[in-house]
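Residue numbers (our numbering): 159 to 426.
Quick reminder that beta carbons are idealized off the backbone N, C-alpha and C, glycines included.
Predicted model only: the values in this text are computed from it and were never measured.
Structure first, commentary second.
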């Protein structure tokens with residue numbers, strides 16, 4: 159979306175122009191009768207329309223790009239429909255009706271996929287569901303930080319337009335993480351090898367992202383959760399282990415007590 163310099167004023171200028179024109183016309187009609195319309199058109203309406211039309215044309219021609227953005231010019235005069243170079247921050251002239259500008263942010267952006275309802279752009283559980291090599295189902299919360307490469311914004315626009323987050327970033331995150339997780343066992347994902355898994359994600363993401371007009375900044379593997387079924391199995395195993403340990407401890411205590419009793423009997 160472009161930022162035309164006169165936008166804040168032009169609406170009100172048109173509003174007051176129409177209001178004043180109507181007031182002048184009605185006042186003149188009441189004073190001078192039906193000869194007024196012709197004079198009104200030549201003396202008030204046409205000059206006013208020329209001035210306002212000229213201002214509107216200037217407003218449509220002169221755009222301003224903020225310092226944290228860059229613009230892609232869509233032009234009927236350019237081969238391929240897009241100017242070869244993006245326009246940087248500042249004022250620029252374009253040809254109305256024949257040229258438009260699509261503005262892209264060049265600051266760091268963060269895309270989060272999380273199980274927490276309001277943590278990412280999608281409402282509800284948006285964690286990534288994946289399966290390990292041994293078939294265990296896990297859920298991953300992650301964040302990717304990236305930015306648009308100003309020198310490659312034309313390429314980005316031609317590939318993805320301004321929908322690059324929804325049609326590129328999000329699908330790549332889901333697909334890459336699922337593919338990579340399937341190469342690891344559950345024990346590897348849920349052990350001290352987790353950092354190696356995260357580094358592998360970073361390596362693959364950086365390669366894919368830099369090929370599409372973006373700059374990779376960082377990837378955060380924020381959380382790994384397990385399916386409710388697997389958590390139930392783990393809980394049963396934990397309970398069984400605790401029970402077995404308690405029984406073993408009871409046997410040891412009983413054996414020690416019996417040994418102590420025999421020792422006392424011998425001493426008597």
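Would you please verify whether the beta carbon of residue 227 is less than 8 Å from any beta carbon of chain D?
Annotation note: the requested chain D is absent from the structure, which comprises a single protein chain.
Which residue wins for smallest C-alpha separation from residue 316, given the options 417, 235, 298 and 244?
Answer by Cα proximity: 244.
CB-CB length for residue 344 against residue 359, believed under 8 Å
With 8 Å as the limit, residue 344 and residue 359 do not qualify as a contact, their Cβ atoms being about 17 Å apart.
Could you give the DSSP three-state label for residue 242: helix, strand or coil?
Correct three-state label for residue 242: coil.
Limits of the unbroken beta strand (DSSP E) element including residue 220:
Membership of residue 220 in the beta strand (DSSP E) is indicated by the continuous run 220 to 223.
Where residue 316 falls: helix, strand or coil (DSSP)
If DSSP states are grouped into helix, strand and coil, residue 316 belongs with the helices.
Considering only C-alpha positions, which residue in the set 222, 353 and 333 is nearest to residue 366?
When 222, 353 and 333 are compared, the shortest CA-CA separation from residue 366 is found for 333.
Inter-stretch contact (C-beta, 8 Å, three-pair minimum) for the region 273 to 286 and the region 214 to 222:
Output reads no: the region 214 to 222 does not touch the region 273 to 286.
Taking only three categories from DSSP, how would you classify residue 308?
If DSSP states are grouped into helix, strand and coil, residue 308 belongs with the helices.
Do you know offhand how far residue 255's Cα is from residue 219's?
When rounded, the distance between both Cα atoms is 9 Å.
Residues bridged to residue 270 by DSSP?
According to DSSP, which records beta bridges pairwise, residue 270 is partnered with 301.
When we look at the beta-carbon of residue 241 and count the other beta-carbons within 10 Å, is it buried (16 or more) or exposed?
When all chains shown are included, residue 241 counts as buried.
Using a Cβ distance threshold of 8 Å, determine whether the region 317 to 324 contacts the region 405 to 417, with at least three qualifying pairs required.
Below 8 Å, too few C-beta pairs join the region 317 to 324 and the region 405 to 417 to call them touching: fewer than three.
Might you give, ordered along the chain, the residues of its own chain that have their beta carbon closer than 7 Å to the beta carbon of residue 308, omitting 5 neighbours on each side?
Excluding sequence neighbours, residue 308 sits near 228, 244 and 264.
For residue 138, report the span of its alpha helix (DSSP H) as first-last.
Nothing can be reported for residue 138: it is not among the residues displayed for the chain, which extend from 159 to 426.
Check for me: the beta strand (DSSP E) holding residue 379 runs from which residue to which?
Residues 372 to 384.
DSSP three-state label for residue 206, please.
Residue 206: helix per DSSP, three-state reduction.
Three or more beta-carbon pairs under 8 Å between the region 257 to 275 and the region 342 to 356, yes or no?
Because the criterion of three Cβ pairs below 8 Å is not met, the region 257 to 275 and the region 342 to 356 do not touch.
For residue 253, I'd like the list of residues in its chain whose CB is within less than 8 Å of its CB, leaving aside the five on either flank, ordered along the chain.
Around residue 253: 219, 233 and 235.
Buried/exposed call for residue 239, threshold 16 Cβ in 10 Å
With fewer than 16 other Cβ atoms within 10 Å, it is exposed.
Pairwise C-alpha distance: residue 292 and residue 159
Low per-residue confidence applies at residue 159: pLDDT is 45, beneath 50, and the placement is therefore not dependable enough to give any value.
So for residue 214, helix, strand or coil by DSSP?
Here residue 214 sits in helix by DSSP.
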